[in-house]
Structures are given as C-alpha cells and as structure tokens.
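Okay, structure first, notes after.
2 protein chains.
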Amino acid sequence: MTTNQVTFREATIQDLDRIVYMLSDDTLGNKRELYTQPLPESYTKAFNAINSDPNIELIVACYDEEIVGVQQITFTPFITHQGGWRASIEGVRTASLERGKGIGTLLIKWAIQRSKERGCHMVQLTTDKKRPKAFHFYEKLGFIASHEGLKLHL
Amino acid sequence: MTTNQVTFREATIQDLDRIVYMLSDDTLGNKRELYTQPLPESYTKAFNAINSDPNIELIVACYDEEIVGVQQITFTPFITHQGGWRASIEGVRTASLERGKGIGTLLIKWAIQRSKERGCHMVQLTTDKKRPKAFHFYEKLGFIASHEGLKLHL
C-alpha cells in the first residue's frame, strides 16, 4: 500500500459492521464497544442519526475496496469566538493490521482540509491520557494541548 | 439573590447582546470576542444556526428579568460507546457581578439533568489550562480529567 492510494468517503450503512469491528479492535475500544452479529441496534440508530444530520460526517478511509480507517467529524456553530464554527473529531481508528502506515495522519489531514472547506476556525478533539502515542501523534500534526478534557459518565 | 430564584430557558435573539457582553467580559473572552454596537453579524448568523438545530441549546440563567449566566449544550450521536449520545458543554459564563454566588454550579447541574433527559450517556467539556479555578470547579461537580483537550486553529 502507498498512502496516495487511500481514498476517503462518507460511510454507508453497509460499512457499519466493519466500522464497529475496527472500533472494538482496540485496547480501550474493546471495553466499551459490543461487536456481535447482528450488531446491537443502538449502532444502527446512531448511524441513522448521524447520516441525517448535515453537520456530522462519518468518514471511512479505503484502500481498494477495503475500509482501513474511520473518523467522525462534527461541525458545530458556537456563539464564542465571534460566532465561529468548529470541527470536532471523534472515533478515529485505523484497522489493526494497517497501523504504522500513515493512515491516521491521512485521516486527520483530510479532516483538517474538510474543516477549512466548511469554514471552521478550529479543529478540536480530546484524546485519552491512557494513549500517550496518540497524544504525540496529534501534537506532531499541529494540535496544541491547551485544554483539559473532562468527562462525566451519567 | 438566592439560587432557587434562578431560572433557565433557551435564549432568544433579543438575549444575544447580553450573551456576547458576558462572553467578552472575561480575561480570555476579551481577547477573542468583539462586543460592538451593532454586534458583528457573525454572532447573529451563529445564533440562527444554533436556534434552527434541534440538537443545540443555548441556555441562559435568569434572575428576575436579568440574564446572569449562559452556556451552550450540543447533543451529538456518536458511533463510539455503542452508538451513544453525548452532551458537550461550551461557552459557560456567569455575569462578572454575579460570580461566586453558585450560578455556575446551577448552570452545570441544569445541563447534566437536561443531558439525562436527552438520553446522553456522557457530558463532556474542555477547559483552558489557563483557568485552574474552572478546572477544580468541574472536578468538584464530578467531571474526570481523563483526556487531553487538543485544539488546532485554522
């Protein structure tokens, strides 16, 4: 594989099984996802909600016919920063067999370019402190760790 | 003022001037907001985009007729966490003359309750590392600083 053979497109419902598989095939993901056949209905419901929202894009990276990566980009208008739009990236994952080949970098660079096209002034994401490699990966791409990312589980 | 006299409602366009004033009346906010008469059109455009999106609520805290606090809550479906919805809180501000009276706590508790009503499994936010007081405020409310909050300005 050379990285210029990787293409990007919005996910379809037919991709959902592969996406959930990739999300669950991960040290943190395997604790919180549930990859069964058939998939839990909650995934389908979320996919439909995402698919019907023009401000959310679920993006897959493909090599030939195969999906090798995924990310969700949400575009949000805020009153702050003079009413600026921001892009939030979530659920970034490269297929385990394809890691270390630069697909993650391509995903994020694609998201940055797309966020510019959408008129965003900022791209933001949070990364689990248990993933130091991911943290350095984002820093290398120009992200600044200016904020604490706080979560409250309900 | 006693805190049980504080009420909450969705903001209207008539509240926008006061909201932008509060956001700009702050050590970090005064560097990035532009409070002029008339307000820059970008604020109105953002308000309209927020107001027309059923998954974003711009909430004001009121004491009598006066707005004393604001926050934006965005509800987002994600594929991760088994297709769970999350609430993201942004732009939390209490009017400078009303700080230290517990209005911030009321705002966040209101957001948590609303997030439960909306079926979210998590409430999340990022707080600037230059605001250590805010960080401890959120920790006291039960938020866990499990993540780094990374930003890339475009």
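Protein chains in written order, with UniProt numbering: chain C, 1 to 154; chain U, 1 to 154.
Even for Gly, the Cβ is constructed at its ideal location relative to N, Cα and C.
Same chain, Cβ closer than 7 angstroms to residue i, five either side skipped, listed in chain order
i          : result
Thr-7(C)   : Cys-62
Asp-15(U)  : Val-60 and Ile-67
Phe-137(U) : Gly-104
Gly-119(C) : Trp-85
Ile-13(U)  : Phe-47
Gln-5(U)   : Tyr-63
Sequence-distant residues of the same chain with beta carbon closer than 6 angstroms to residue i, five excluded per side
i          : result
Gly-69(C)  : Ala-61, Thr-94, Ile-103 and Leu-107
Arg-34(U)  : The question names Arg, yet the displayed sequence has Leu at residue 34(U). Answer for Leu-34(U): Pro-40, listed in chain order.
Val-123(C) : Ala-87, Ile-112 and Ser-115
Leu-23(C)  : Gly-29, Glu-33 and Arg-93
Leu-141(C) : Ile-108
Nearest-angstrom beta carbon gap, residue j and residue i [assumed within contact, 8 angstroms]
i          : j          : result
Thr-3(U)   : Lys-101(U) : 7 angstroms
Ala-46(C)  : Gly-83(U)  : 3 angstroms
Leu-58(C)  : Ile-79(U)  : 7 angstroms
Thr-74(U)  : Trp-85(U)  : Contact doesn't hold; Cβ gap of about 11 angstroms is too wide.
Leu-154(U) : Ser-88(C)  : With a Cβ gap of about 13 angstroms, Leu-154(U) and Ser-88(C) do not count as contacting.
Asp-17(C)  : Ser-96(C)  : The Cβ separation is near 16 angstroms, so there is no contact.
Gln-113(U) : Val-92(U)  : That pair is no contact at about 15 angstroms.
Bridge partners - residue i, DSSP secondary structure assignment
i          : result
Trp-110(C) : For Trp-110(C), which the question treats as bridged, DSSP gives no partner whatsoever.
Tyr-86(C)  : Residue identity differs from the one stated: residue 86(C) is Arg in this sequence, not Tyr. Arg-86(C) is bridged to Thr-76(C) and Met-122(C).
Lys-151(U) : Gln-124(C) and Ile-144(C)
Glu-57(U)  : Ile-73(U)
Tyr-63(U)  : Val-6(U) and Glu-66(U)
Arg-93(U)  : Val-70(U)
Check whether residue i and residue j have beta carbons under 7 angstroms apart
i          : j          : result
Ala-145(C) : Leu-150(U) : yes
Thr-127(U) : Glu-148(C) : yes
Phe-143(U) : Leu-152(C) : yes
Arg-32(U)  : His-121(C) : no
Cβ shell of residue i (< 8 angstroms), same chain only, five flanking positions each side left out
i          : result
Phe-135(C) : Thr-127, Lys-129 and Ala-145
Glu-98(U)  : Met-1, Tyr-63, Val-68 and Gly-69
Tyr-21(C)  : Tyr-35
Arg-9(U)   : Ile-59, Val-60 and Cys-62
Quick check for students: name the residue ranges of the alpha helix (DSSP H) that lie wholly in the segment 2-34 of chain C, counting only runs of 4 or more.
16-24 and 29-32
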